[in-house]
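Protein sequence lines, in the order shown, are assigned to chains A, B, C and D. Heads up, the first sequence is in our numbering, so the first residue is 4 and it goes up one at a time. Heads up, the second sequence is in our numbering, so the first residue is 4 and it goes up one at a time. Heads up, the third sequence is in our numbering, so the first residue is 4 and it goes up one at a time. Heads up, the fourth sequence is in our numbering, so the first residue is 4 and it goes up one at a time. All C-beta atoms, glycine included, are put in the ideal place defined by N, C-alpha and C. Worksheet: the structure to be examined is printed underneath.
Protein chains: 4
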Amino acid sequence: MSDESRIPRSTENDHTNEMAKVRRDFLTHKTGAELKYTGEYTINPEELPGNIENFIGVVQMPVGIAGPVQVNGEYAKGLFYVPLATTEGTLVASYSRGMRVINECGGVKTTVVEQFMQRAPAFIFNDAREARDFGLWVEENFDQIAAAAESTTSIGKLKHIQQWSVSKTRYLRFNYTTGDAAGQNMVGKATLAACEWIKATYPHECQYLLSGNMDTDKKHSHLNMLHSRGKRVIAEIVLKKEVLARVMKVDTQVLAKATVLANTGALMAGAAYNGPHSANGIASIFIATGQDEANVVESHAGLLSHELLPNGDFYLAVTLPSLICATYGGGTGLPTQRECLELMDCYGKGKANKFAEIVAATVLAGDISLACAVIAGHWVSSHDKMGRNRR
Amino acid sequence: MSDESRIPRSTENDHTNEMAKVRRDFLTHKTGAELKYTGEYTINPEELPGNIENFIGVVQMPVGIAGPVQVNGEYAKGLFYVPLATTEGTLVASYSRGMRVINECGGVKTTVVEQFMQRAPAFIFNDAREARDFGLWVEENFDQIAAAAESTTSIGKLKHIQQWSVSKTRYLRFNYTTGDAAGQNMVGKATLAACEWIKATYPHECQYLLSGNMDTDKKHSHLNMLHSRGKRVIAEIVLKKEVLARVMKVDTQVLAKATVLANTGALMAGAAYNGPHSANGIASIFIATGQDEANVVESHAGLLSHELLPNGDFYLAVTLPSLICATYGGGTGLPTQRECLELMDCYGKGKANKFAEIVAATVLAGDISLACAVIAGHWVSSHDKMGRNRR
Amino acid sequence: MSDESRIPRSTENDHTNEMAKVRRDFLTHKTGAELKYTGEYTINPEELPGNIENFIGVVQMPVGIAGPVQVNGEYAKGLFYVPLATTEGTLVASYSRGMRVINECGGVKTTVVEQFMQRAPAFIFNDAREARDFGLWVEENFDQIAAAAESTTSIGKLKHIQQWSVSKTRYLRFNYTTGDAAGQNMVGKATLAACEWIKATYPHECQYLLSGNMDTDKKHSHLNMLHSRGKRVIAEIVLKKEVLARVMKVDTQVLAKATVLANTGALMAGAAYNGPHSANGIASIFIATGQDEANVVESHAGLLSHELLPNGDFYLAVTLPSLICATYGGGTGLPTQRECLELMDCYGKGKANKFAEIVAATVLAGDISLACAVIAGHWVSSHDKMGRNRR
Amino acid sequence: MSDESRIPRSTENDHTNEMAKVRRDFLTHKTGAELKYTGEYTINPEELPGNIENFIGVVQMPVGIAGPVQVNGEYAKGLFYVPLATTEGTLVASYSRGMRVINECGGVKTTVVEQFMQRAPAFIFNDAREARDFGLWVEENFDQIAAAAESTTSIGKLKHIQQWSVSKTRYLRFNYTTGDAAGQNMVGKATLAACEWIKATYPHECQYLLSGNMDTDKKHSHLNMLHSRGKRVIAEIVLKKEVLARVMKVDTQVLAKATVLANTGALMAGAAYNGPHSANGIASIFIATGQDEANVVESHAGLLSHELLPNGDFYLAVTLPSLICATYGGGTGLPTQRECLELMDCYGKGKANKFAEIVAATVLAGDISLACAVIAGHWVSSHDKMGRNRR
């Protein structure tokens, strides 16, 4: 690559409107593409050093508002308007429709079951016995390991370490609580400190890799389904037979049959989620509120459970075992993102559980809506009217 | 829910600046939250009817530019600057670093292997024999079924139908090519038409659900790993031992060992991707370019393959079996998103394969960078310097 | 290893009573262990050259008889007595109990949906494009490839070849029908011939490995769940509410609830089978009838589906997607094994589908029995009375 | 079913030669099938009440002897002759060949890492909060729960309880050590006692099902890969380049490449084991030694790990995370089975770890042999010479 291809950077202060323009002009010169709209933003580049490099402007993602939705949580209580950033037509309308059903049935009950954030180093030995014996030593020295880890953070707490032996490797998985931050970096630092302490203290030689991929960061995994990464949140509702029939034109017996079919299809497919479309709601609310957008892949996993009750009502619950979200740090403090959080009174410390409950309620709303739409057969036609096929 | 909680909508024309303001004011009144920055946008609401409902404004997602990266594809040829919309500090810098390594090694070779988009109805019968016999009939009548499906679209072509019997259900999975659109709605309409034709024509009674969840839409699945959803794209490179040592301070033998450890960890975890972090690059480029952001969950799945060559160089390849992306329709035509596509000369018809190749090259760049960073041990510290921990 | 440790073999005729005794004596000399009972057999060693090497005698596995069970299959019609070789107390009694319930409900309807046996070579190239292009060539030359494969066998027919691209490798999976044999070796030979033909004919260079492990032989895999290996067999029944209540002391509503719980548990666990214990019945009948006992691992996979009917009856179906069994060749012709097959009129050519139907019916019987036992709470106590805890 | 179809039973003493003959005659009368060989056995029916019901005779499974194999375990030390009961030709020869390679390379190092046996009840509540709170209570009352569980057994010890929340259900998984027994029934009884204690003691109402299928008994599961069921055993060896070349005609570099291909194929297939054929060795040794033959499905799961060493030697390790085996109880005490255990000095108390080590060494031997055979290309032809194709 010749030097003239290099993206311009300022060594002094790179997060300025000027440098953004210099880069846009450079790109226009290089590619012929105009970057007019990308350069129209109100965000202050000085706020961005922790969020981005080589800043050139913004993408404007339209935000629609769904709801309100009645949440009967332990943290979120009341009616919430949910901001969804999306370019997929019908999405906001569909979630809103599900929320209307929820409200008519008395609201969603939400529960945060547990929460952990992980970093999972791998320790390598000469043979399987050394690896096993190291594992026993780790168990015996948990308190000191925790002290080493927690020396790097005022918030993170090391709760337990899981262990797996494979050939001559010992995989550890450090599980922390991380307050209102998602905490990936916090636990990375803490685990590095712990590993360095281990390496210095363990009476025999050992090598390690800070991540042996059992974290599993930025990817869906069955492990995350089992051993919660982020928050494990459950949203439940009893859908009234009468409401579903009136609002959605769907009979609960038919809904039960269709749900069984879909569950089985998902099982056969080896799907990360057995309901209709958790990812839509999560991606939209994540973008609107400055979450790490890649965490949608972990967060969308889950289980949709149902039960047709004797009186014809329909119990429905979504379990999200690895919902990774924050109300503080990362992108949550950027102007528009912060406003979207504030709209739900979810910005800042002490709000993460509340926010997680609203996300889970939103997922449930979307699944109610799409499941009914597929049955009622107007799923395709609603996309035609409002959505992308219009073009 | 009382009427006064209802979000204001205009029955005449809801996609206007006025209605957006009415809603923002309503929300401020209801929640006390200001929506000042959200209301500062240059997008024209009249362009949004196919993309969003209940529009209130935009979220400004900062865009950084990574690259350039040398892509030696069949469609993408040359140096590309890649726009990444993110709020995660170090992400753009990390991808850029990987791209520098790629360039010094001669560029990435990219290959689109195949592409399909699916809709998967489930047909329900009285017993397993009826379901099996129906399946045989479907095979025999493929041409007419295809004709019925394709009557709804000028672009989509039905290529083949997969079938699975479970108890008395026959799951079908219609596989289409969809041109430069992602095509979920296109194939939804086509499959509905096909199913209606089947229902009308099949000599025996049959019921169906338009989606039996084997599509698998908006969720990761093992099925998508096997039977490509979207595009199956492969990016390959031979990393030179000397370049990795000089630029990344990493020895290729150590990299090979670490990659094996990480592969095994991912296998144990049941992870959707066995490399470091495909989701980061995909989510960022998807948001920047107006892709359906929920499709990150399908797209991030894949396999990172490696081989330490006899001369010490390091072959590395990423296989993305379900990369769902478009250069036309959906959010791709919105002003900033379109600019970001144009920056790579990827907007409009005939560009989808080119775009897919650039995405795959970007994923490979990010994995090179993070894999090396974990080994070199400065992964945590680079986050400290540039990233979120700064706050 | 010194020569004196070497197991005695006869280069002339090793399958004789004399050589078996020589080896038993050698082992007794070496280890001090008596092999009295092992040497008491009525099998003729001359029949064993195709079944075993270094023959020393037999293990006597007790056989119990379950049933009869009413099977309403397409091949198996009537009442069948099922031989189960096992050392697990209560197993035969439990299956018999389930069969009694089946009979009182009118019998099991069984359906063989499809059948394939596979060998899956991997072809290796210089890059992903060569691998992809090779795949297209394979598609275009299917007829000649099939001819090459089928030249090695009068029974096996190559039906289709599945393909997957990963990095620079092209995995193929040859799918054959194999008559009444399980056919693993038959398809191995045929695929070797096909690969050799491909290698000789393909205009570019290519290397292959006869098995790239996507067969997947002698291990459970999700692939086998999807794409039947062996026979895909389904057994269905409508259990009468009254019969379950009277015979099993179980209410069908409770059974439905419990089954949902167990299905969800299996999904969470990532289990190969979501019912109670397919493996017990399959292993026992496989050993009794001379099946390849390692194929239990593939054969036990499956899905248990249920539906609580409006009248309170309970539809239950087991889908076994990779039941690998034979009525000819392998161990089926050994004296006791053949008798056990003949007991069900399942020995020899033209009987494989019939046998598969009986196996599926047996699995269903066992699952009915154990599911009810867990609910009725006497599962533990029945083991106490009859089973191993007695010791 | 008419009474005349009923299998004859004696209410006084059903485990006699007479009753076995009565049943054989009955079956011959009913089906026309002779049961001559099945009735030729030396086992004493009086020993069988804990192992089988409706006894009619035995199946004679031929036993071949493989080895010896040098095991350098913590429990198994020295040369072992391994009895394999099978009807698959070439199997014994193949394992023996692998053992020869092992011996020439100095033997297998084996390590038992940990061992647990589980029973996994599901507790059902009115909502997710009750389920969560119950889980906390279980944690706090672990000691008393353990006391209740252990009151039923002198051997079993409750080590820890894992927990998962899904909707309104709390899945528990009780992990015990069980001495030299496999222990499924032991832990069933203990967990029943614990659950009854919980039900009586928990201040709120709760219902439970003794197994919610997360055990996961008699089926492969990813959970068992992660959280050892039975014994987690690892067998390791460094294969010398020279030995492989001389004995197996295989170059270690080629072996490394082929192993990577096979690993990737297994990953794509979603296979329970990524090596060649663990199930063959395990099934054969299990049948020979009176193990519960259905446990092959859990036991065959695992990981084959490899590393090409700088000097050209080849590190190979098999990790079996859920090897379920016993040297006491069950079928281990039957005459021929006991002899086969004694042949390895593995019968009775205090021998289970030793036996597990030998099984793991055997699996490794078989994988070395088959992996090399596939590469050397004589895999098909060796089956032709010795195996089933002969017929």
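A:F177 and A:G333 have their C-alpha atoms spaced approximately 22 Å apart. Note that the segment 84–101 of chain B does not touch the segment 109–125 of chain B; fewer than 3 beta-carbon pairs, one per stretch, sit closer than 8 Å. Here DSSP, grouped into helix, strand and coil, assigns C:H32 to helix.
Between C:E15 and C:D295, the alpha-carbon positions lie close to 27 Å from each other. Apart from the 5 residues on each side of it in sequence, B:D130 sits with its Cβ closer than 6 Å to the Cβ of K171 in its chain, given in chain order. At least one beta carbon of chain A lies nearer than 7 Å to the beta carbon of C:H225.
If you ignore the 5 residues before and after A:L247, its C-beta comes within less than 8 Å of the C-beta of V104, V253, D254, T255, L258, F317, C375, all in its own chain and listed in chain order. Per DSSP, B:N298 lies in no alpha helix (DSSP H) segment and is marked neither H nor E. A:P65 places its beta carbon 7 Å or farther from that of B:N188. Around the Cβ of A:E56, a 10 Å sphere holds 16 or more other Cβ atoms; the residue is buried. Proximity to B:E91 across A:V362, A:A363, A:G336 peaks at A:G336, based on C-alpha coordinates. Cβ contact annotation for A:T204 (same chain, cutoff 8 Å, sequence separation greater than five): N144, Q147, in chain order. Within chain C, the residues V263, T267 have their CB atoms less than 9 Å from the CB of A:S308, given in chain order. Rounded to the nearest angstrom, the Cβ distance from C:L161 to C:A193 is 7 Å, consistent with a contact under 8 Å.
Proximity of B:D295 to chain A, defined by a Cβ-Cβ separation below 7 Å, is satisfied. At a beta-carbon threshold of 7 Å, the residues of chain C lying near A:G273 are H225, ordered along the chain.
Contact holds between the segment 233–249 of chain C and the segment 350–367 of chain C, because three or more Cβ pairs, one in each stretch, are under 8 Å apart. Nearest in C-alpha terms to B:K221, of all of B:L311, B:Q121, B:E50, is B:Q121. For A:L307, the enclosing beta strand (DSSP E) has its first and last residue at 306–311. Annotated as proximal: A:S308 and A:A320, with beta-carbon spacing under 7 Å. DSSP, read as helix, strand or coil, puts B:G138 in helix. Ranked by how close their Cα comes to the Cα of A:V190, the residues A:E208, A:G233, A:G109, A:C209 have A:G233 in first place.
Setting aside the 5 residues that flank it on each side, B:R12 is surrounded in the same chain by M22, N57, each with a C-beta closer than 8 Å to its C-beta; the list follows chain order. Residue pairing by DSSP places D:N178 opposite D:Q121, D:H163 in a beta bridge. For C:N75, the enclosing beta strand (DSSP E) covers residues 58–75. For A:Y179 against A:F126, the beta-carbon gap comes to about 19 Å, at or over 8 Å, which does not count as contact.
Within the same chain, and ignoring the five residues on either side of D:L346 in sequence, the residues whose Cβ sits closer than 7 Å to its Cβ are Y84, P86. B:K260 and A:L212 have their C-alpha atoms some 10 Å from each other. Using a Cβ-Cβ cut-off of 7 Å, A:W167 is close to L229 of chain D, given in chain order. The alpha-carbon separation between A:L270 and A:N298 amounts to approximately 23 Å. Contact check for C:I327 against C:A123 fails: the beta carbons are separated by 7 Å or more.
At a beta-carbon threshold of 7 Å, none of the residues of chain C lie near A:L258; the nearest stands roughly 14 Å away. Taking the CA atoms as reference points, B:T155 sits about 55 Å from A:I164. DSSP places A:T262 inside the alpha helix (DSSP H), whose first and last residues are 255–272. Using a 10 angstroms sphere on the CB of B:L312, the tally of other CB atoms stays under 16, which defines it as exposed. Look at B:E360: its C-beta is not under 7 Å from any C-beta on chain C.
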